[in-house]
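Numbering-wise (my numbering), the sequence shown opens with residue -5 and increments by one.
Heads up, the beta-carbon is just placed ideally off N, CA and C, and yes, glycines get one too.
Since this is a predicted model, take the numbers as computed values, not measurements.
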Amino acid sequence: MSTPTPESPPERPNDTPENQQDNAALSNAKKPRTDDTPVEPSATNVADAPATDVSLISGEGKPRTYKVDNPSFFMQRGYQVLLVLGLIAAFFLVMVYQTLFGRIEQPAQMVTIEQGQTYYGLLPQWQQQIPLFSASVAKLYIKSQVDAPLHAGIYQLPENPTIAEALQILEQGAKAAMVKIQIIEGKTASDLYQTLRDNPGIKKEVLQDNDDNTRPASNASIAQGLDLVGILPEAVISSNDPIVNHNLEGWFAPDTYYYGEGSTDKQVLTDLYKRQQQALFDAWESRAPNLPYQTPYQALVMASIIEKETSIADERPLVSAVFKNRLDKGMRLQTDPTIIYGMGSRYDGNIRRKDIDEKTSYNTYQIDGLPPTPIALPSAASIEATLHPADSEALYFVATGDGGHKFTNSLAEHNQAVRDYLSVMREKKAQTPPQ
């Protein structure tokens, strides 16, 4: 049986001798080798071979893709989620620690809690001073850990306290006996001293004579006991007038306060002085231009006069404007409360012609400018009005008889306002039934 002869492939038009050689080489490459002799690649073949695309091997220049059913894909995603959750948990723990145990850098000091204040109202102070402080965490801690309400009073905080330490100290206020000290605006320093002397819950350090602890201390000894001598002008320190000499009038902020039983008069007076000093200097820093006051102390003196002249909030800036205008024009203040203060214990409730004509250190009918010291304890509102008077040309004011005052720009208008006042008072007296 004869073996069929394979048909020869048809001749291709591009089969040049060179192509035929290449085809022969390719055909030989596909055949299995029958010997172990290595074949050296020819330079021509290497040079002519196309370059390998490295990016297909390394993946450079193209985003790596994964099959969604690849286990390594889910493992990497899981590790990333766990890492993020771990970072969040660590941040939260640091925030909680800083909130409860972060320390405020401050010396040991007395802190006053006012009536009506709450624990939550204290949080902004810590929030400003402690990094990563969380008000929400602090509120949750207060709600879960603090049982007693916040009581008004004076508390001693240690050096560099944490909020947890401070809350523990403040919580003890519910268990401590508190004493109430009420100082009304317009009262005097002498009234304040007597209030503290009469309060059995306040220990006496500076308000009693050191020899027998019964006689009231002098102005000089009180100023020395409180270390407040430097705040007074030299004329006040060296005055021969016993009312003026070392008089701390005006320097204590009037208000209602609560202190822990056993607090000293020195602690109370020092606290009230610091409050008044802060109110005065805050108002002084933002004062209106072209005022006739050269020092904050002069403004304090005027604030005390305004406090005694009116208790109506809307009138304070107008009263301030009247006194400013009078000082600017070189006129005397001529205010009755200064007569009363200069009389001291001699005042019996009435001002007579001889009292108006008497020249004391304080009688502004007889002296030019301001009296040497304040004549009362002014409120922060009166201090503010002193340094921000109303835009008014008024030079006079007088009571209307129905509450408030009538402000006028001329003496003729003022005299008419006085006549109107007297008429109202006569009518009221006529309507009053006999006793």
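Alpha helix (DSSP H) segment containing residue i, residue limits
i	result
Val200	Run containing Val200: none; DSSP gives neither H nor E here.
Lys137	Ala129 to Gln139
Tyr187	Ala183 to Asp192
Gln103	Element bounds for Gln103: not the alpha helix (DSSP H) but the beta strand (DSSP E), Gln103 to Ile107.
Lys433	No statement about residue 433 is possible, as the shown extent of the chain runs from -5 to 429 and does not include it.
Gly336	Asp330 to Met337
Gln293	It should be pointed out that residue 293 corresponds to Ala in this sequence rather than to Gln. Per DSSP, Ala293 belongs to the alpha helix (DSSP H) from Pro290 to Glu303.
Lys348	Arg347 to Asp351
Gly254	Segment Thr250 to Gly254 is the beta strand (DSSP E) holding Gly254; no alpha helix (DSSP H) there.
Asp308	Where Asp308 is concerned, there is no enclosing alpha helix (DSSP H), given that its DSSP letter is neither H nor E.
Lys260	Asp259 to Glu279
Asn213	Asn213 to Gly219
Leu378	Reading off the sequence, residue 378 comes out as Glu, not Leu. Its alpha helix (DSSP H) spans residues Ala374 to Leu381.
Gln100	It is not in any alpha helix (DSSP H) - Gln100 carries neither H nor E in the DSSP assignment.
Gln430	Since the first residue of the chain shown is -5 and the last is 429, residue 430 is not available in this structure.
Leu161	Ile157 to Glu165
Which listed residue (the options) has its alpha carbon closest to that of residue i
i	options	result
Phe317	Phe127, Ile334, Glu255 and Ala388	Ala388
Lys181	Pro428, Ile299 and Val230	Ile299
Leu94	Gln111, Gln121 and Gln74	Gln121
Asp276	Ile377, Asp414 and Lys423	Ile377
Ile124	Ala158, Gly96, Trp245 and Asp221	Gly96
Lys137	Ser280, Ala158, Gly395 and Leu222	Ala158
Trp245	Leu222, Lys260, Asn234 and Gly256	Leu222
Asp362	Asn344, Ala282, Ala315 and Thr329	Thr329
Tyr149	Leu405, Ile107 and Thr156	Ile107
Tyr252	Leu79, Met104 and Val418	Met104
Ser340	Ile237, Pro290 and Arg413	Before going on, a small fix: residue 340 reads as Arg here, not Ser. Checking every option, the nearest Cα to that of Arg340 belongs to Ile237.
Asp433	Gln288, Asn344, Thr304 and Gly343	Past the edges of the chain, shown from -5 to 429, lies residue 433, and the structure says nothing about it.
Asp235	Ala183, Pro365 and Lys260	Pro365
Pro101	Leu220, Thr156 and Gln70	Thr156
Cutoff 8 Å: residue i Cβ touching any chain B Cβ
i	result
Leu201	Here chain B cannot be found, since the structure has a single protein chain.
Same chain, Cβ closer than 8 Å to residue i, five either side skipped, listed in chain order
i	result
Thr250	Gln109, Lys174, Ile175, Gln176 and Ile177
Gln202	Arg191, Thr208, Arg209, Pro210 and Ala211
Gln111	Leu144 and Ala146
Leu220	Val200, Leu242, Lys260, Leu263, Thr264 and Tyr267
Residues of its chain near residue i, where Cβ-Cβ distance is below 7 Å and the 5 sequence neighbours each way are ignored
i	result
Glu99	Asn154
Ala160	Leu151
Leu117	Ala129 and Ala132
Ala214	Asn239 and His240
Pro428	none
Tyr135	Leu94
Trp278	Pro290, Ala293 and Leu381
Asp72	The amino acid at residue 72 is misidentified as Asp; the sequence shows Gly. Within the same chain, Gly72 has no close Cβ partners at all.
Ala411	Val392, Lys400 and Thr402
Check whether residue i and residue j have beta carbons under 8 Å apart
i	j	result
Leu450	Leu312	This structure does not reach residue 450, given that the chain is present from -5 up to 429, and the question cannot be answered.
Arg326	Tyr359	yes
Ile334	Thr258	no
Ala374	Ala273	yes
Glu309	Gly395	no
Gly254	Met337	no
Lys302	Pro331	yes
Pro393	Ser314	Note that residue 393 is Ala in the sequence shown, not Pro. Their beta carbons are not under 8 Å apart, which means Ala393 does not touch Ser314 by this criterion.
Tyr113	Val140	yes
Opening and closing residue of the beta strand (DSSP E) in which residue i lies
i	result
His240	Run containing His240: none; DSSP gives neither H nor E here.
Val173	Met172 to Gln176
Val230	That residue, Val230, is in no beta strand (DSSP E); its alpha helix (DSSP H) goes Glu228 to Ile231.
Val392	Tyr390 to Ala393
Gln150	Gly147 to Leu151
Lys400	His399 to Thr402
Cut-off 6 Å between Cβ atoms - residues of its own chain near residue i, not counting five sequence neighbours on either side
i	result
Ala247	Leu266, Arg269 and Gln270
Phe401	Leu312, Ala388 and Phe391
Lys353	Gln360
Thr426	none
Val418	Gly395
Ala384	Pro311, Leu312 and Ala315
Ser233	Asn239
Distance cut-off 7 Å: residue i Cβ against heavy atoms of the ligand SAH
i	result
Leu77	This structure simply doesn't include the ligand SAH, nor any ligand for that matter.
Could you tell me whether the region 160 to 169 touches the region 181 to 198, using the rule of 3 or more Cβ pairs below 8 Å?
As far as the Cβ criterion goes, the region 160 to 169 does not touch the region 181 to 198, which means the pair count is below three.
Does the region 233 to 252 come within contact of the region 82 to 92, defined as at least 3 CB pairs closer than 8 Å?
Counting C-beta pairs closer than 8 Å gives fewer than three between the region 233 to 252 and the region 82 to 92, which falls short of the contact rule.
Stretch-stretch touch, CB-based, cutoff 8 Å, three pairs: the region 332 to 350 with the region 214 to 230
Contact between the region 332 to 350 and the region 214 to 230 is absent: fewer than three C-beta pairs spanning the two stretches fall below 8 Å.
Counting pairs of beta carbons, one from the region 288 to 306 and one from the region 366 to 383, are three or more of them closer than 8 Å?
Result yes; three or more Cβ-Cβ pairs closer than 8 Å.
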